[in-house]
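Take the sequence shown: its letters are residues 906 to 1193, numbered as in the numbering used here.
Glycine included, each C-beta is placed from N, C-alpha and C at the ideal position.
Written below as structure tokens is the structure these notes are about.
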Amino acid sequence: MDGQYLPMSEAKISVLDWGFLHSDATYDTVHVWDGRFFRLDMHLDRFLRGMERLRMKLPYSRVEIQAILTNCVALSGHKCAYVDMICTRGASPTFSRDPRQAENRFIAFAVPFGSVANKEQLERGLHINISDTVRIPPKSIDPSIKNCHWLDLVKGLFDAYDYGAETALVVDANDNIAEGPGFNVFTVKDGRLRTPVYSVLPGITRQTVFDLCSELGLSAAAGDVGRGELKAADEVFITSTAGGIMPVTKIDDAAVGDGKVGAVTCKLMDLYWKKHADPAWSIPVSYP
Ligand code: PLP
């Protein structure tokens, strides 16, 4: 933060930062697994693209940001980490309300790896509730800019807990499935994969599933996915940097397929984790 490496407990931002006051920020999360960053280039691309669209500027180049992230991980010592890079609008030294006068701020941190699904849920599959909450529309917030507009997703989570489920999916303005709190979703039907296209963050894990499918010769496409299609799928899984590919075996009050984690999901999970050691998909962190 502000050019210094600090213990997490000392990392604090001003209450006047527009990131805090107005969610005026973009960020990206990449993970480190067994001492290697997974697809860091793709995360940096998305982060820098988001900053540009929000008209934010930092005094660091892409190479310098990569070095800062690497230092954060190396200093933390975590071999499996969840690594964030954040750019906030910052604050104006004169309290101006003009966002052009704010000094944009960069924050990066590394904490132990965390997952949407815990070990038990990864083995038996998650129970998801489809919320009636509509994801903030792309005309309001461009979902390809990874953003902090999560009130709809958090409402979805509370709806899901009230229902007795473990996590949630929210819908788009046409009542098709959108995404969940920190993840995209896929269906598998007759061996073909589908994922929502509208009102979603184009996730790096989602893209990774497309890449794995082309390697495995599986058909995968993005398009509208209705509630009925999701519930009639043979298999459902969610994707996130926070956990990778994670099975879903119950939606609302009904089992998905036979209620067990499906074969296609297992195959993709297996290949996904194998790729973490592949130098074409990952780079090592050098620890002190
Ligand atoms: N959708 C939302 C709203 C997210 O916040 C995230 C990640 O945090 C995702 C989807 C999944 O994206 P990725 O696979 O890049 O982690």
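> How is the alpha helix (DSSP H) around residue 1175 delimited, first residue to last?
Replying inline: Within the sequence shown, numbered from 1, the residue matching residue 1175 stands at position 270. Residue 1175 -> alpha helix (DSSP H) spans 1168-1179.
> Beta carbon of residue 1084: closer than 7 Å to some heavy atom of the ligand PLP?
Replying inline: Residue mapping note: residue 1084 aligns to position 179 of the sequence shown, counting from 1. Residue 1084 Cβ: within cutoff of the ligand PLP.
>> Threshold first: 3 residues or longer. Then list the beta strand (DSSP E) segments lying entirely within the region 1097-1122, N to C.
In response: 1097-1100
> residue 1150 and residue 1177: beta carbons closer than 8 Å?
Replying inline: Within the sequence shown, residue 1150 is the residue found at index 245, counting from 1. Within the sequence shown, residue 1177 is the residue found at index 272, counting from 1. Yes, these two residues count as a Cβ contact at 8 Å.
> In the structure shown, what three-state DSSP assignment does residue 1001 receive?
Replying inline: Counting from one through the sequence shown, the residue named residue 1001 turns up at place 96. Here residue 1001 sits in coil by DSSP.
>> Taking a contact to mean a Cβ-Cβ separation below 8 Å, would you say residue 977 touches residue 1017 in this structure?
In response: Along the sequence shown, read from residue 1 onward, the residue named residue 977 stands at position 72. Along the sequence shown, read from residue 1 onward, the residue named residue 1017 stands at position 112. No, they are not a contact pair.
> What are the start and end residues of the alpha helix (DSSP H) that includes residue 1072?
Replying inline: In the sequence shown, the residue the question calls residue 1072 occupies position 167. That residue, residue 1072, is in no alpha helix (DSSP H); its beta strand (DSSP E) goes 1072-1076.
>> By alpha-carbon positions, which one of 1036, 1070, 1054 ends up nearest to residue 1022?
In response: Walking along the sequence shown from the start, residue 1022 turns up at place 117. The option with the nearest alpha carbon to residue 1022 is 1070.
>> By the three-class DSSP mapping on this structure, what secondary structure does residue 1151 have?
In response: Translated into the one-based positions of the sequence shown, residue 1151 becomes position 246. Residue 1151: strand per DSSP, three-state reduction.
> Taking Cβ positions, are residue 1167 and residue 1140 nearer each other than 8 Å?
Replying inline: Position 262 of the sequence shown, counted from the first residue, corresponds to residue 1167. Position 235 of the sequence shown, counted from the first residue, corresponds to residue 1140. In this structure, residue 1140 lies closer than 8 Å to residue 1167 by Cβ.
> So what's residue 1031 in DSSP terms, helix, strand or just coil?
Replying inline: Counted from its first residue, the sequence shown places residue 1031 at position 126. Residue 1031 falls in the strand class under three-state DSSP.
> Is any heavy atom of the ligand PLP found at a distance shorter than 7 Å from the C-beta of residue 1069?
Replying inline: Indexing the sequence shown from 1 puts residue 1069 at position 164. No, the beta carbon of residue 1069 sits no closer than 7 Å to any heavy atom of the ligand PLP.
> Starting from residue 990 and walking both ways along the beta strand (DSSP E), at which residues does that stretch end?
Replying inline: Numbered from 1 along the sequence shown, position 85 holds the residue referred to as residue 990. That run of the beta strand (DSSP E) goes 986-996.
> At least one CB of chain B closer than 8 Å to the CB of residue 1089: is that the case?
Replying inline: Considering every chain present, this structure includes no chain B. It has just one protein chain.
> When we look at the beta-carbon of residue 1110 and count the other beta-carbons within 10 Å, is it buried (16 or more) or exposed?
Replying inline: For the purposes of this step, residue 1110 is identified with residue 205 of the sequence shown, where counting begins at 1. Label assigned to residue 1110: buried.
>> Given 7 Å as the limit, tell me if residue 1195 has its C-beta closer than that to any heavy atom belonging to the ligand PLP.
In response: Residue numbering for the chain in the displayed model covers 906 to 1193; residue 1195 lies beyond these limits and cannot be assessed.
> Does the pairing of the region 1038-1058 with the region 1088-1099 give three or more beta-carbon distances under 8 Å?
Replying inline: no
> Excluding sequence positions up to five away, which residues of its chain have a Cβ less than 7 Å from the Cβ of residue 1186?
Replying inline: To locate residue 1186, count along the sequence shown from 1; it is residue 281. Correct list, in chain order: 943, 944, 1180.
> Less than 7 Å between the CB of residue 1106 and some heavy atom of the ligand PLP, yes or no?
Replying inline: Locating residue 1106 in the sequence shown gives position 201, where the first residue counts as 1. Yes, the Cβ of residue 1106 comes within 7 Å of a heavy atom of the ligand PLP.
> Given a threshold of 16 other Cβ atoms within 10 Å of its Cβ, counted over all protein chains shown, does residue 1066 qualify as buried or as exposed?
Replying inline: As a working mapping, residue 1066 is identified with position 161 in the sequence shown. The residue in question, residue 1066, is exposed, as its Cβ has fewer than 16 Cβ neighbours within 10 Å.
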